[in-house]
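Per my numbering, the very first residue in the sequence shown carries number -12; after that it's consecutive. For glycine and all other residues, C-beta sits at the position ideal for the given N, C-alpha and C. Here the structure is a predicted model, which means the values were calculated and not measured.
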Amino acid sequence: MTCSATKGGSLGGRQLLRFLTPALLLSMGNIWIVTDLHASSAVTNSTAHQVEEYLWLPSLIPEPLALPTDATHHFPREPRPRPPLESIVQGWNVSGDASWLLNVAVIGFPKCGTSTLMQHLESHPEVQMFTKERCELSGRQEATLIRDLYRQMPAGDFVRGIKCPLDIDSTTMSLPAYQKYFPKAHFIVGVRHPVL
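Okay, here's the thing in structure tokens:
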């Protein structure tokens, strides 16, 4: 099955991430399921207008696909003025609202393309991703992650993201932490073809 986008040109970072929802993914609230690495790579390429869907969810993909004109309302904006770090994290305790610091978490099974997807997303000027896996939420180190998101990600209205494939297996620790500290974060879940 092939889905064609009806709008040309370059996608903004927020539009790019919003584009993932209807094009490739089964949307269940804030969970997106990327069903194929080739498809995820095609979407992150700003000139790509076709996405191939192979096996997983063929009946759920709409045709033709219309891209939204403004998808910025789907991600929390950075508060103005930016609150001081001390009002959010004190030592090992999270004491303030950190929900605006993380918009997207790329999680998935081993060898399903999460690193490639993360690199493609990070290459966009409106998206900021850590270059290495950040799995603090599976180890109850949320204060460390929040502190690093605050200090290492640039200020401004960027889509901020992390990658941690372990979070798909660590649902008893990481998912409650996402819900508590980043309730509006979206998940991009990579799955593999069961045979290939």
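{"query": "Neighbourhood of residue 65 by C-beta, 7 Å cutoff - its chain only, sequence neighbours within 5 removed", "result": "87, 142, 143 and 144"}
{"query": "The stretch 150 to 162 / the stretch 90 to 107 touching (three or more Cβ pairs under 8 Å)", "result": "yes"}
{"query": "Proximity below 9 Å, CB of residue 72 to CB of residue 168", "result": "no"}
{"query": "Within the stretch 95 to 160, ranges of the alpha helix (DSSP H) (whole runs, at least 4 residues)", "result": "101 to 109 and 129 to 139"}
{"query": "DSSP-derived helix/strand/coil call for residue 92", "result": "strand"}
{"query": "Cα-Cα separation, residue 62 to residue 122", "result": "21 Å"}
{"query": "Per-residue burial, residue 192 [other beta carbons within 10 Å of its own, 16 or more giving buried]", "result": "Here the chain has residues from -12 to 183 only, and residue 192 is not among them."}
{"query": "Boundaries (first-last residue) of the beta strand (DSSP E) holding residue 169", "result": "Element bounds for residue 169: n/a, residue is neither H nor E."}
{"query": "Through-space distance from residue 181 to residue 82, alpha-carbon basis", "result": "43 Å"}
{"query": "Beta-carbon gap between residue 76 and residue 134 smaller than 9 Å", "result": "yes"}
{"query": "Rounded separation between residue 129 and residue 154 - CA only", "result": "13 Å"}
{"query": "Neighbourhood of residue 115 by C-beta distance below 8 Å, restricted to the same chain and skipping five residues each side", "result": "109, 140, 141, 145, 146, 147 and 148"}
{"query": "Proximal residues to residue 101 (C-beta, below 6 Å), its chain only, five neighbours per side dropped", "result": "93, 95, 150, 152 and 177"}
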